[in-house]
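The sequence shown begins at 53 in my numbering and counts up one residue at a time. We put the beta carbon where it would ideally sit given N, CA and C, even for glycine. Note sheet for the following structure.
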Amino acid sequence: MALLSPQKVNGLILIGTSMDSESPESRELGCWNGPQATSALVAKSADLAPHDDFEPGSGYVDFLMDIGYGEKVTADLVQKWNRSIQKIYSGDIGKKLICMAAVCLASRDGLYARLPHIRCPVLWMQVLNPFLIAFILF
Numbered sequence: 053m054a055l056l057s058p059q060k061v062n063g064l065i066l067i068g069t070s071m072d073s074e075s076p077e078s079r080e081l082g083c084w085n086g087p088q089a090t091s092a093l094v095a096k097s098a099d100l101a102p103h104d105d106f107e108p109g110s111g112y113v114d115f116l117m118d119i120g121y122g123e124k125v126t127a128d129l130v131q132k133w134n135r136s137i138q139k140i141y142s143g144d145i146g147k148k149l150i151c152m153a154a155v156c157l158a159s160r161d162g163l164y165a166r167l168p169h170i171r172c173p174v175l176w177m178q179v180l181n182p183f184l185i186a187f188i189l190f
């Protein structure tokens, strides 16, 4: 929206967002390997048969907790997210949602070429470790 309707956007708050694509260079800097991490769900997205019994599984929740919260995540937080994820992403609709999100993450392009066209303030928050959050204001 900041690119398509800049007159309507007062600012952006980016949380844990990379400006790069899912590139080898970003992985060399310590970013996650999006294509590898989402490959099973991307492959599953090609299966168009209905899957009313689909459930994300604990491995998916563990993956999200690891990339989102790191090693300091509490058992209570994992349980909370597990219940929420199971509720939202179960069944055939849940499978479609989770697989399309995986496809988007695996194939997303970078934002660098678009950054000069953003004219509103941007607050970029990045967790550097469990105790340090970087705030960058553009």
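Return the CA-CA distance between residue i and residue j, expressed in angstroms with no decimal places.
| i | j | result |
| --- | --- | --- |
| P108 | K96 | 12 Å |
| S136 | S142 | 10 Å |
| P87 | F115 | 14 Å |
| K139 | K132 | 11 Å |
| D128 | N134 | 10 Å |
| G111 | K147 | 15 Å |
| A60 | M53 | Checking the sequence, you will find Lys at residue 60 rather than Ala. The straight-line gap from Cα to Cα measures roughly 8 Å. |
| L163 | S78 | 13 Å |
| K124 | A158 | 26 Å |
| D99 | A165 | 34 Å |
| H103 | C156 | 21 Å |
| R160 | S70 | 11 Å |
| P168 | A101 | 43 Å |
| D269 | L55 | Residue 269 cannot be examined here, being either before or after the span of the chain that is shown, 53 to 190. |
Quick check on residue i - is its C-beta less than 8 Å from some C-beta in chain D?
| i | result |
| --- | --- |
| G122 | Given the protein chain composition of this structure (a single chain), no chain D is represented. |
Around the Cβ of residue i, are there at least 16 other Cβ atoms within 10 angstroms (buried) or fewer (exposed)?
| i | result |
| --- | --- |
| A154 | buried |
| C151 | buried |
| R74 | The sequence as given places Glu at residue 74; Arg does not occur at that position. Result: buried. |
| L93 | buried |
| T90 | buried |
Does the stretch 162-178 come close enough to the stretch 55-67 to have 3 or more Cβ pairs within less than 8 Å? Result yes; three or more Cβ-Cβ pairs closer than 8 Å.
Scan the stretch 55-135 and note each continuous alpha helix (DSSP H) run of 4 residues or more that stays entirely inside, going in chain order. Whole alpha helix (DSSP H) segments, 4+ residues: 76-80, 86-89, 91-97, 110-121.
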